[in-house]
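Reading through the structure tokens given below for one structure.
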Amino acid sequence: MSHSLESQTLAFAGICQAASLVQQVARQGVIEDKEVLATTLNSIMVTDAAQSADIYGGHDHLRLGYQTLIEQLSPDSSKKNAELTRYLVGLVALERKLSKRRDLLSMLGERISQVKRQLHHFELLDEQVLGNLAGIYSDIISPLGPRIQVAGNPSFLQQPLVQHQIRALLLAGIRSAVLWRQLGGKRRHILFSRKRLVAQAQAALRY
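For what it's worth, full-length UniProt numbering labels the leading residue of the sequence shown as 1, then goes sequentially.
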């Protein structure tokens, strides 16, 4: 895979999309666009793509992520969201810790393989599959700390299905953060390469 700005922006848009969906389900209790949800969660399963875009089924499936990236990183954006920024920073920080733990990476691979086998019998958005993805996040990623505190409507946050979706989406965010790092993405790029990332995201939305 090439370490181009286009690929890095794609991967960062993947993190943004997962974070945006976490916020959506935590506040509203449901994600209306099931296709975007499925695309985001399916990226966890795609571990051997030839092109970065194949992980998400093409740029078109990341429109929410590109839009969120633009809103969060544009210097003059009126739609900046401190809560989303916290999720993005938290996901990148957790992935950095994960990248140093070969034992956990191996365990992560095994657990994802189990979910892939489960998909022979269940749909990706079936509650059992979501529960397994959520379990991977709780068992392997969350203990790395510090935990990402998700804000939202308390009545929704108490629902098991909402909890499963949030943790599964955070796992998808970690998957995109892994890709971002593999493609040469670094935390300093979020600070110092904002204009380039925003311009690339805007170009992607014009495809």
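C-beta atoms are modelled at their ideal positions from N, C-alpha and C, and glycine is treated no differently.
| query | result |
| --- | --- |
| Is Phe-156 helix, strand or coil by DSSP? | helix |
| Distance, Cα to Cα, Leu-5 vs Leu-191? | 15 Å |
| Excluding the 5 residues flanking His-189 on each side, which residues of the same chain have their C-beta closer than 6 Å to its C-beta? | none |
| From which residue to which residue does the alpha helix (DSSP H) around Thr-68 run? | 63-73 |
| With a threshold of 16 other CB atoms inside 10 Å of the CB of Gly-65, please say whether the residue is buried or exposed. | buried |
| Does the Cβ-Cβ distance between Ala-204 and His-59 come in under 8 Å? | yes |
| With distances taken from CA atoms, which of Leu-84, Ile-174, Ala-18, Leu-125 is nearest Lys-34? | Leu-125 |
| Assuming the contact rule is C-beta atoms closer than 8 Å, Trp-180 and Ala-11 should be a hit. Round their C-beta distance to whole Å, please. | 4 Å |
| So Val-150 packs on Asn-132, CB below 8 Å; how close in whole Å? | That pair is no contact at about 19 Å. |
| Quick check: what's the CA-CA separation for residue 208 versus Arg-101? | In the structure as shown, the chain begins at 1 and stops at 207. Residue 208 is therefore absent and cannot be evaluated. |
| Should the region 148-166 be called in touch with the region 23-31, which here means at least 3 C-beta pairs below 8 Å? | yes |
| Counting along the chain, where does the alpha helix (DSSP H) carrying Arg-102 start and finish? | 102-118 |
| Taking the alpha-carbon of Gln-8 as reference, which of Arg-86, Arg-117, Leu-69, Ile-166 has the nearest alpha-carbon? | Leu-69 |
| Around the Cβ of Leu-91, are there at least 16 other Cβ atoms within 10 angstroms (buried) or fewer (exposed)? | buried |
| Classify Glu-32 as helix, strand or coil using the three-state DSSP reduction. | coil |
| Please confirm whether Thr-40 and Leu-21 have their CB atoms less than 8 Å apart. | yes |
| Is Gln-128 buried or exposed, if buried means 16 or more other CB atoms sit within 10 Å of its CB? | exposed |
| According to DSSP, is Met-1 part of a helix, a strand, or is it coil? | In this predicted model, Met-1 has a pLDDT of only 44, less than 50, meaning its place in the structure is not dependable; the value taken from the coordinates is given anyway. DSSP places Met-1 in coil when its eight states are reduced to three. |
| Could you pull out every residue in the same chain whose Cβ sits closer than 6 Å to the Cβ of Leu-183, ignoring the five residues on either side in sequence? | His-3, Ser-7, Gln-8, Ala-11 |
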